[in-house]
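So the sequence shown is numbered by the numbering used here: it starts at 1 and just counts up by one. Ideal Cβ positions, reconstructed from N, Cα and C, are used throughout, including at glycine. Predicted, not measured: the structure shown is a model, and the values here were computed from it.
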Amino acid sequence: MLAEKYRVVAMSTRGTDMSDKPEGYENYFAEHISDDISAIIEHFGEDRATIVGQDSGGLYAWHFAMTRPEQTERLVSIGTVHPGGLTRELIDNPAQQQANQFQRNMQVFPEAGNDFGQGVRAAPRDPDEPANLAQLRRESAQCLDTDSVVGFYKTNWPTSPTTMETESVGFKLGEFPPVTAPTLFIYGKDGPFFLNPSVNGMWDWVEGPLTIQVLPGVGHGPHREAPEFVTPRILEWLETGR
Numbered sequence: 001m002l003a004e005k006y007r008v009v010a011m012s013t014r015g016t017d018m019s020d021k022p023e024g025y026e027n028y029f030a031e032h033i034s035d036d037i038s039a040i041i042e043h044f045g046e047d048r049a050t051i052v053g054q055d056s057g058g059l060y061a062w063h064f065a066m067t068r069p070e071q072t073e074r075l076v077s078i079g080t081v082h083p084g085g086l087t088r089e090l091i092d093n094p095a096q097q098q099a100n101q102f103q104r105n106m107q108v109f110p111e112a113g114n115d116f117g118q119g120v121r122a123a124p125r126d127p128d129e130p131a132n133l134a135q136l137r138r139e140s141a142q143c144l145d146t147d148s149v150v151g152f153y154k155t156n157w158p159t160s161p162t163t164m165e166t167e168s169v170g171f172k173l174g175e176f177p178p179v180t181a182p183t184l185f186i187y188g189k190d191g192p193f194f195l196n197p198s199v200n201g202m203w204d205w206v207e208g209p210l211t212i213q214v215l216p217g218v219g220h221g222p223h224r225e226a227p228e229f230v231t232p233r234i235l236e237w238l239e240t241g242r
C-alpha cells in the first residue's frame with residue numbers, strides 16, 4: 001500500500017539478514033547504524049527521508065532523527081518509545097527493569113545470544129502468512145548472527161542500573177537532541193517490553209508535531225498484530241500530518 005505512492009526501502013541493518021556482520025561489539029553502536037541509514041539515503045539520490053522503525057529499528061530511527069535532523073523528513077516509531085522515557089523508567093521503575101531483563105541477560109550471559117538465535121530459528125510460522133514472506137523470514141532466521149545481536153545490547157544498553165543516568169539507551173550521554181521532524185508514534189498498549197509509563201513525557205523530547213496512536217489489546221508488534229490499521233494509519237498521517 002505504501003509502495004504504491006512512495007519509494008519504500010526496507011533496510012536490513014548491519015548484523016541482520018544478509019547485511020554485513022562486522023566483528024566487534026563496538027561496530028553496533030547506534031551512531032554507526034545512523035551512518036548506514038545516511039549512506040542509503042544518499043545512495044538513492046535523496047537528501048531526506050521518512051524514517052520508520054520498530055523494536056531495535058525503532059531505537060535506530062529515534063537516534064537518526066535526533067542526530068541527523070537535516071536528513072529526517074518525518075519519523076515513524078512503531079512500538080519503540082523514546083530512549084529518554086525508557087532510560088528514565090529503567091532508573092526508577094522496577095517493573096520496567098524486570099521487563100527488560102532479557103536485554104541485561106544479553107550483556108551478561110553470552111549464551112543468551114545463542115538461546116535467542118535458536119528461538120528465532122525454531123519459532124512456529126503463521127500458517128496464514130503469504131508464502132513469499134514466510135520464505136524471507138526463514139532466510140533471515142538462517143542468516144542471524146548471534147554475536148551481532150549481543151553487540152546491539154552491549155553497545156546501546158546501560159551496563160547496570162547504577163550507570164543508567166550516564167549511559168542512556170542508545171546514547172553514551174545523559175541528554176538527547178530534540179527531534180524536530182514531524183513524528184508518529186504507534187504504540188501497542190499491551191506490549192511486554194516498553195511499559196505504559198515509558199511513553200510519558202515523549203513530548204518533552206519532540207519539538208516537531210507529535211502524533212501518538214495507542215492501540216489497546218495490541219502488543220509489541222503493532223505492524224504484525226494489526227496491519228489492517230497500522231499501514232493505512234501511516235499512509236493517512238503521511239498525507240495529512242495528523
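Kindly indicate which residue of Gly-84, Leu-75 and Val-149 has the alpha-carbon position closest to the one of Phe-102.
By one-based count along the sequence shown, residue 102 stands at place 102. Checked all of Gly-84, Leu-75 and Val-149; the closest Cα to Phe-102 is Val-149.
Between the Cα of Gly-84 and the Cα atoms of Trp-205, Gly-219, Gly-15 and Ile-37, which residue gives the shortest distance?
Indexing the sequence shown from 1 puts residue 84 at position 84. Residue Trp-205 is the option with its Cα nearest to Gly-84.
Classify Tyr-187: buried if its beta carbon has 16 or more other beta carbons within 10 angstroms, exposed otherwise.
On the sequence shown, position 187 is the one that residue 187 refers to. When all chains shown are included, Tyr-187 counts as buried.
Determine the extent of the beta strand (DSSP E) in which Glu-73 is found, giving its start and end residues.
Mapped onto the sequence shown, residue 73 falls at position 73. Its beta strand (DSSP E) spans residues 72-78.
In the structure shown, what three-state DSSP assignment does Val-9 receive?
For the purposes of this step, residue 9 is identified with residue 9 of the sequence shown, where counting begins at 1. Note: Val-9 maps to coil in three-state DSSP.
Which one of Tyr-60, Thr-87 and Phe-185 has the shortest CA to CA distance from His-32?
Position 32 of the sequence shown, counting from 1, holds the residue named residue 32. Among Tyr-60, Thr-87 and Phe-185, the Cα nearest to that of His-32 belongs to Tyr-60.
Taking the beta strand (DSSP E) that Val-214 falls in, what are its first and last residues?
The count along the sequence shown starts at 1 and reaches residue 214 at position 214. Run containing Val-214: 210-215, per the beta strand (DSSP E) assignment.
Alpha-carbon to alpha-carbon, Thr-16 and Arg-121
Here residue 121 refers to the residue found at position 121 of the sequence shown. Here residue 16 refers to the residue found at position 16 of the sequence shown. Only weak support exists for where Arg-121 lies, its pLDDT of 48 falling under 50; the coordinates are left without a value.
Quick check on Glu-89: buried or exposed, where buried means 16 or more other Cβ atoms within 10 Å of its Cβ?
Looking up residue 89 in the sequence shown gives position 89. Buried is the call here.
Hey, would you say Trp-157 sits closer than 9 Å to Arg-104, going by beta carbons?
Position 157 of the sequence shown holds residue 157. Position 104 of the sequence shown holds residue 104. Yes, the Cβ-Cβ distance between Trp-157 and Arg-104 is below 9 Å.
Once you ignore the five residues that flank Gly-119 on each side, which residues in its own chain have a CB closer than 8 Å to its CB?
Position 119 of the sequence shown holds residue 119. Confidence at Gly-119 is low in this model, with a pLDDT of 45, below 50, so the placement of that residue is unreliable and no value is reported for it.
Quick one: Cα of Leu-173 to Cα of Met-1, how far?
As a first step, residue 173 is located in the sequence shown; it is residue number 173 there, counting from the start. As a first step, residue 1 is located in the sequence shown; it is residue number 1 there, counting from the start. Legend: pLDDT at Leu-173 = 46, less than 50; position of this residue unreliable, value from coordinates given subsequently. Computed Cα separation, rounded: 39 Å.
For the region 69-79 against the region 178-194, are there 3 or more C-beta pairs whose distance is under 8 Å?
yes
Given 8 Å as the limit, tell me if Lys-189 has its C-beta closer than that to any heavy atom belonging to the ligand FAD.
With respect to small molecules bound, the structure shown includes none, and the ligand FAD cannot be examined in it.
Starting from the Cα of Leu-86, find the closest Cα among Glu-228, Asn-196 and Thr-67 and give me that residue.
Translated into positions along the sequence shown, residue 86 becomes position 86. Taking only the C-alpha atoms, the option nearest Leu-86 is Asn-196.
Going by the CB atoms, is the gap between Lys-154 and Met-202 shorter than 9 Å?
For the purposes of this step, residue 202 is taken as residue 202 along the sequence shown, with counting starting at 1. For the purposes of this step, residue 154 is taken as residue 154 along the sequence shown, with counting starting at 1. No, the Cβ-Cβ distance between Met-202 and Lys-154 is not below 9 Å.
Please go through the same chain and pick out, in chain order, the residues whose beta-carbon is closer than 8 Å to the beta-carbon of Ser-38, but skip the five residues on each side of it.
Your numbering for residue 38 matches position 38 in the sequence shown. The answer, listed in chain order, is Phe-64, Arg-68 and Gln-71.
Just the C-alpha distance for Gly-217 and Leu-210, rounded to the nearest angstrom, thanks.
Taking the sequence shown and counting its residues from 1, the one referred to as residue 217 is at position 217. Taking the sequence shown and counting its residues from 1, the one referred to as residue 210 is at position 210. Near 22 Å, if we compare the C-alpha coordinates of Leu-210 and Gly-217.
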